[in-house]
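Visitor: Encoded as structure tokens, here's the structure I'll be asking about.
Encoded structure:
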């Protein structure tokens, strides 16, 4: 999966699920060797998160929070509880059939990741580029 | 029986005890002091939501919270460090803010991590 940044710069690092994938954002190819249905990409420079995006299989990509996507990685706690609830309620009914019918995630039956992803870096509104941080709050 | 009650109370008080933070003066580089006040106020708001305490005396705290706002080419880098009283770094987080409203999700995330 090729990863590019919306501002075209190449001096950021790209992380995939918290691990360094590319030292620089120029010509970044991320190898998605995961069984999960999505990966979380982050744009980081000097330890500062500049953006992030969840990339789903079958090309279903969603940015979380626009320019602030890095602040809200997928919440394992909430999802975990949901999954636990699902398992407890449906496990007795579906144990045999689901094990028999569910295709392996490693088989690619859940789709593939897109070949290219562009991560938004920068303010949502171009008028914020020159925001007067050195002035008092109005 | 008395010993059992005492031990139970001891465990209960330990469970109910809130982690206490002292916020060090915000370090600013190219950013007006108003934003230090805004981000500090946000931390206090989220502390109330997430159930930890911000104390006014350094000697009363469990941890120090150091906030840095550093002007970047576009936006401001918000850096938040959780340190022990001996200044040893425990955890840190950095995220760009392109406008003051971007402080909210950053502090919300940090608050949930440090509570």
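Residue numbers (the working numbering), protein chains in the order written: chain H, 130 to 267; chain E, 49 to 163.
Glycine included, each C-beta is placed from N, C-alpha and C at the ideal position.
Only a predicted model underlies this, so the values are computations on that prediction, with no experimental measurement involved.
(1) Going along chain H in order, which residues have a C-beta closer than 8 Å to the C-beta of residue 86 of chain E?
(2) Can you grab the Cα-Cα spacing for the pair residue 159 of chain E / residue 187 of chain H, in whole Å?
(3) For residue 152 of chain E, which residues from the same chain have a beta carbon less than 7 Å from its beta carbon, with the 5 sequence-adjacent residues on both sides left out?
(4) Classify residue 174 of chain H as helix, strand or coil using the three-state DSSP reduction.
(5) Label residue 252 of chain H either buried or exposed according to how many other C-beta atoms from any shown protein chain fall within 10 Å of its C-beta, with 16 as the threshold for buried.
(6) With respect to the alpha helix (DSSP H) encompassing residue 156 of chain E, which residues constitute its N-terminal and C-terminal limits?
(7) Pop quiz: residue 143 of chain H and residue 172 of chain H are said to be a contact at Cβ under 8 Å. What is the actual Cβ separation, rounded to whole angstroms?
(8) Report back the beta-carbon spacing between residue 72 of chain E and residue 112 of chain E to the nearest angstrom; my notes put them in contact at under 8 Å.
(9) List the residues that DSSP assigns as beta-bridge partners of residue 156 of chain H.
(10) Does DSSP put residue 97 of chain E in a helix, in a strand, or in coil?
(11) Out of H:145, H:257 and H:259, state which residue places its alpha-carbon closest to the alpha-carbon of residue 162 of chain H.
(12) Count the other CB atoms, across all protein chains shown, that sit within 10 Å of the CB of residue 258 of chain H; report buried if there are 16 or more and exposed otherwise.
(13) List the residues of chain H that residue 119 of chain E touches, going by C-beta distances under 8 Å, in chain order.
(14) Closest by CA to residue 125 of chain E, which one among E:109, E:116 and E:136?
Guide: Quick look at the numbers:
(1) 266
(2) 34 Å
(3) 90
(4) strand
(5) buried
(6) 151–162
(7) 6 Å
(8) 6 Å
(9) Bridge partners of residue 156 of chain H: none, in fact.
(10) helix
(11) H:145
(12) exposed
(13) 262 and 263
(14) E:116
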